[in-house]
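According to this note's numbering, the sequence shown is numbered sequentially starting from 7.
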Amino acid sequence: MAEHDAAALVRELVGDRAGDWDLAGRIPGDVVATLARKGVLCAEVPAGRGGLGLSGVDNGELTATVGSLCGSLRSLMTSHGMAAWTLTRFGNAEQQAIHLRRLTSGALAGVAFSEPGAGSDLAAMATTIVRDGQHVVLTGRKVWVTGAAYADVLVVFGRFDEGAAIVLVPADAPGVTIEPVSDPVGCRAAGHADVHLDEVRVPADALLGGAGLPTTLLATATLGYGRLSVAWGCVGILRACLTATTEHATTREQFGVPLAEHQLVARHLAELHVSERSATHTCVHASRCWDDGTPETVEATLLAKHYAATTAARGAASALQVMGSAAALDGHPVARAYRDAKLMEIIEGSAEICQLALAQHAITEWS
Ligand SMILES: Cc1cc2nc3c(=O)[nH]c(=O)nc-3n(C[C@H](O)[C@H](O)[C@H](O)COP(=O)(O)OP(=O)(O)OC[C@H]3O[C@@H](n4cnc5c(N)ncnc54)[C@H](O)[C@@H]3O)c2cc1C
Numbered sequence: 007m008a009e010h011d012a013a014a015l016v017r018e019l020v021g022d023r024a025g026d027w028d029l030a031g032r033i034p035g036d037v038v039a040t041l042a043r044k045g046v047l048c049a050e051v052p053a054g055r056g057g058l059g060l061s062g063v064d065n066g067e068l069t070a071t072v073g074s075l076c077g078s079l080r081s082l083m084t085s086h087g088m089a090a091w092t093l094t095r096f097g098n099a100e101q102q103a104i105h106l107r108r109l110t111s112g113a114l115a116g117v118a119f120s121e122p123g124a125g126s127d128l129a130a131m132a133t134t135i136v137r138d139g140q141h142v143v144l145t146g147r148k149v150w151v152t153g154a155a156y157a158d159v160l161v162v163f164g165r166f167d168e169g170a171a172i173v174l175v176p177a178d179a180p181g182v183t184i185e186p187v188s189d190p191v192g193c194r195a196a197g198h199a200d201v202h203l204d205e206v207r208v209p210a211d212a213l214l215g216g217a218g219l220p221t222t223l224l225a226t227a228t229l230g231y232g233r234l235s236v237a238w239g240c241v242g243i244l245r246a247c248l249t250a251t252t253e254h255a256t257t258r259e260q261f262g263v264p265l266a267e268h269q270l271v272a273r274h275l276a277e278l279h280v281s282e283r284s285a286t287h288t289c290v291h292a293s294r295c296w297d298d299g300t301p302e303t304v305e306a307t308l309l310a311k312h313y314a315a316t317t318a319a320r321g322a323a324s325a326l327q328v329m330g331s332a333a334a335l336d337g338h339p340v341a342r343a344y345r346d347a348k349l350m351e352i353i354e355g356s357a358e359i360c361q362l363a364l365a366q367h368a369i370t371e372w373s
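Below, the structure is given as structure tokens:
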């Protein structure tokens with residue numbers, strides 16, 4: 007399936023129902039299952055592994071389309087795609103053959119890094135992964151795992167020997183308890199949940215490669231995909247805001263003229279347009295670097311994530327200003343954009359964590 011066919015399927019399945027899903031805190035199971043079964047949620051997986059084999063740029067555009075329609079579904083797409091990328095990056099040939107096929111044929115995955123004491127500082131993870139003969143045993147608590155309430159499998163990070171490791175854990179394994187996060191500020195239907203791991207025993211072949219490497223190295227490799235996906239999702243948020251505000255500002259009149267003819271309103275529209283165009287360019291550039299495997303990928307991805315998330319948060323706030331009371335209702339696309347966009351400045355490397363890393367790049371390049 008090509009990118010435009012996948013986007014058309016998403017448009018057909020989501021329609022104008024995302025607001026209802028947001029209010030209900032749940033995306034209908036058949037929608038998630040259909041998209042997971044067709045490989046749309048991890049569209050970069052190669053065709054030989056059951057995926058759509060999209061390039062990073064095409065997957066980015068698809069992610070923006072999803073993000074413009076439903077932030078919760080885009081969140082599922084980001085975490086599921088990140089799980090598939092982790093398998094591609096660290097799984098051996100057999101693990102990839104088995105599990106990528108599952109992830110492109112209906113099984114849904116979440117990725118579990120964060121813990122009560124380990125948010126930005128992932129090196130503080132306390133979850134332990136211990137080898138015990140032909141098994142590994144996991145003990146700990148993960149928080150805010152996107153999609154965990156829908157997931158069949160969890161990609162769990164934890165301490166292992168002197169470093170870290172990643173294990174594929176069935177969501178229904180004995181000792182796993184999924185506790186949904188109640189009433190999140192945004193992306194309310196994304197199935198965020200805390201995950202309790204109480205001496206969860208899984209076969210040792212669920213351990214991915216790279217076991218024993220430093221936590222930050224394992225996490226950074228995985229987060230790259232998530233950052234780029236979030237960045238493209240933010241482009242989608244900006245596009246949704248432009249669609250709503252341009253329609254509203256050209257049709258609603260105050261003081262005898264359309265809102266768009268008031269220069270202070272027009273400025274909001276211009277800034278939104280600049281944000282969307284610029285965020286798109288940074289994302290396309292980062293995805294091209296990703297597709298070409300250039301050394302610039304890490305910095306380009308950080309830049310895209312940081313720029314797209316901050317401009318989406320600012321742009322969604324401006325959009326709500328332009329809409330006035332017309333969008334001051336839960337479930338309205340711009341109200342959702344406002345809430346969802348703020349969270350994008352927190353996840354996959356908060357604005358501050360991105361700035362610290364970008365400052366290092368600046369010093370290396372300019373000092
Ligand atoms: C909607 C949503 C979805 C999520 N999905 C997942 C998921 O799928 N899997 C998963 O494992 N986790 C997930 N998380 C958790 C997410 O990764 C963390 O929220 C994020 O890493 C930030 O950690 P924290 O919330 O504990 O904030 P903290 O790390 O406590 O940070 C709080 C504030 O302090 C700032 N700060 C921290 N350290 C520094 C520093 N050194 N310098 C400057 N400022 C600093 C931060 O930028 C932030 O503003 C999700 C969270 C949300 C809100």
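Where a beta carbon is used, it is the ideal one built from N, C-alpha and C, also for glycine.
beta-carbon residue i near ligand 1 non-hydrogen atom, thresh 6 Å
| i | result |
| --- | --- |
| V208 | no |
| L203 | no |
| W150 | yes |
| S356 | yes |
| G125 | yes |
| S78 | no |
| L349 | yes |
| V117 | yes |
| C193 | yes |
| I135 | no |
| I243 | no |
| I369 | no |
According to DSSP, residues forming a beta bridge with residue i
| i | result |
| --- | --- |
| D158 | Answer is none; D158 lacks a bridge partner. |
| Q102 | Partner(s): none; Q102 has no beta bridge. |
| L174 | V161 |
| F166 | G169 |
| A318 | DSSP, once it has assigned bridges, lists no residue as partnering A318. |
| L3 | Because the chain in this structure spans residues 7 to 373, residue 3 falls outside the shown range and cannot be described. |
| T183 | H202 |
Beta-carbon gap between residue i and residue j smaller than 7 Å
| i | j | result |
| --- | --- | --- |
| D158 | A113 | yes |
| V87 | S235 | Correcting the residue type first, residue 87 is Gly in the shown sequence and not Val. Their beta carbons are under 7 Å apart, which means G87 touches S235 by this criterion. |
| A322 | E351 | no |
| G73 | D297 | no |
| L110 | G56 | Before going further, note that residue 110 is Thr rather than Leu in the sequence given. A contact, by the Cβ cut-off of 7 Å. |
| V201 | L144 | no |
| A227 | L128 | no |
| L106 | V51 | yes |
| S293 | G66 | yes |
| M83 | L60 | no |
| A49 | L68 | yes |
| A314 | C360 | no |
| D346 | C247 | no |
| I243 | A343 | yes |
| G197 | A237 | no |
| G153 | T133 | no |
| A229 | E358 | According to the sequence provided, residue 229 is Leu. The question's Ala does not apply to it. No, the Cβ-Cβ distance between L229 and E358 is not below 7 Å. |
| A217 | F166 | yes |
| G215 | F96 | yes |
| A266 | C289 | no |
Per-residue DSSP class, three states only, for residue i
| i | result |
| --- | --- |
| K148 | strand |
| D11 | helix |
| R32 | coil |
| V51 | coil |
| H367 | helix |
| H254 | helix |
| A39 | helix |
| A195 | coil |
| T134 | strand |
| I243 | helix |
| D200 | strand |
| A276 | helix |
| L114 | coil |
| R107 | helix |
| T300 | coil |
| H141 | strand |
| R345 | helix |
Residue i burial status per 10 Å Cβ neighbour count (16 or more: buried)
| i | result |
| --- | --- |
| V191 | exposed |
| L335 | exposed |
| T221 | buried |
| P301 | exposed |
| P122 | exposed |
| N98 | exposed |
| R273 | exposed |
| L362 | exposed |
| H287 | exposed |
| R43 | exposed |
| T71 | buried |
| G35 | exposed |
| I369 | exposed |
Cutoff 7 Å: residue i Cβ touching any chain D Cβ
| i | result |
| --- | --- |
| L41 | Although the question refers to chain D, the structure presented lacks it and comprises just one protein chain. |
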